[in-house]
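Working notes, beginning with the structure itself.
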Amino acid sequence: MNEMNGTGSEICIGNARVVLPDHVIERGWVVAVDGKIVEFGEGACAAGSVDADGDLIMPGLIELHTDHLEAHYVPRPKVFWDPIAAVVSYDSQLATSGITTVLDSLRVWREEGAEAVDGRAGVLSQAIGAARDGGLLRADHFLHLRCEIPMPDVVAEAAELIDRPDVRLMSLMDHTPGQRQFRDEAKLRDYYRGKAGGMTDAQLDVLFAQRLAYQTAHAATNMRAIVALAHQYGIPLASHDDTTAENVDDAVRDGVAVAEFPTTLEAARGLHEAGIGILMGAPNVVRDGSHSGNIAAIDLAREGLLDIMSSDYIPSSLLMAALQLPQKAPMIDLAAAVRTVTKAPAEAVGLADRGAIEVGRRADLIRVHVAGNVPVVRSVWREGRRVA
């Protein structure tokens, strides 16, 4: 049997700790043929198999919300890198972090004076498509359209992208000062002072006043239009930074499938009771808390309120958080922790062909060596082909 290098059709990986959806085989093997998992079990694999040397074999990680592409496209303020080269660099970092499927989160709005990457969703989506068509990518890429609801042109800009076949998720966001993640306006000021190269209070006064005006003028109408657009095209919806019972009611009304980064225990409980999957940041788990002072992901995990994790801004955090979760929340075993970064996110956006080591699913697999508290991705297979 051959380790896939682009020419074979079969692979057997043996001498591994195989992470299944509900338990771990401590010494097992996995066989894939023509890109699909066909068999797995306990004991030794056939002669000639890939020897995992006792490492973990688990499904490739699935990322629903990462805007890390922006760091490759705009590596310094006002420096715009070649977009295809940026996509390829970003993709390589994802793959070597164990991510085999990603929803690239693109900002679908323009706002003068705030973020350099605002309004670049068209450019980046075209670059992702070009890199894919050119066979340059290791991971499987889809799109997540991040819609800032109060922005005047957000509906028109979303409509330009919505009919692309790679759109898999739309999120409903509202970063108006004084609500949701930034109920405390001082935290939003701190965020922009750091992120935007030190905006002055006078500049922030102008920006915040404009956002409040946009919210009053456009938010309600745009929310209805974006929700209708998503339903028309059958795209799952995500809410963002739910904080209050009213936010939860809105998510239920809009048919939201995933709630990204709820900021309070009250909101998380309401979302869970409504059957909405709760997504939290993997960096939050690794750091033992939110960088913006909201509810800690690990606290939600201990309450049984964590369904999906996202690397958000650090690709390597997704695997780190999954492996640390059983230590920080002992009621969650390794198989359950891995589900939050594999099977659960896949099924939340209708990708039921991957995310688990099960017969018939895609052979998107990673081999992970754990050194102390740091996981190292040693091998990555996408549809049975070695890509990293």
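Residue numbers (our numbering): 32 to 419.
Think of the CB as a built atom: it goes at the ideal place given N, C-alpha and C, for glycine as much as any other residue.
- Between glutamate 414 and arginine 392, the CB-CB gap reaches or exceeds 7 Å.
- Serine 40 counts as exposed, since fewer than 16 other C-beta atoms from the protein chains shown sit within 10 angstroms of its C-beta.
- Per DSSP, reduced to three states, the secondary structure at arginine 300 is helical.
- Residue range 276-284 is occupied by the alpha helix (DSSP H) that includes aspartate 281.
- The alpha-carbon of phenylalanine 111 is positioned some 30 Å away from that of isoleucine 266.
- Taking alanine 360 as the centre and dropping the five residues before and after it, the same chain places the C-beta of Ile329, Ala332, Arg333 closer than 7 Å to its C-beta, in chain order.
- The residue from Met351, Leu168, Thr371, Ile397 with its alpha-carbon nearest to that of glycine 403 is Met351.
- Rounded to whole angstroms, glutamate 73 and serine 341 show a C-alpha spacing of 31 Å.
- Secondary structure of isoleucine 329 (DSSP, three-state): helix.
- Distance from the Cα of glutamate 297 is smallest, within the candidate group Gln355, Val316, Val62, Asp272, for Asp272.
- For glycine 153, the enclosing alpha helix (DSSP H) starts and ends at 152-164.
- Within the same chain, Val61, Val81, Ala83, Ile88 come within 6 Å of isoleucine 44 by CB-CB distance, once the 5 residues on both sides are set aside.
- Annotation for leucine 200: the continuous beta strand (DSSP E) segment containing it runs 198-204.
- CA-CA distance, arginine 417 to valine 64, rounds to 13 Å.
- In this model, glycine 286 and glycine 66 are separated by some 34 Å (Cα to Cα).
- The residue from Ser123, His206, Val380 with its alpha-carbon nearest to that of serine 410 is Ser123.
- By the CB criterion at 7 Å, glycine 381 and isoleucine 339 fall outside the cutoff.
- In the DSSP assignment, threonine 132 is bridged to Ile93, Asp171.
- In this structure, DSSP gives aspartate 82 an extended state, which the three-state scheme calls strand.
- Counting C-beta pairs with one atom in each stretch, the region 180-189 and the region 250-270 have three or more that are closer than 8 Å, which means they touch.
- Around the beta carbon of glycine 166, a 10 Å sphere encloses fewer than 16 other beta carbons of the protein chains shown; the residue is thus reported as exposed.
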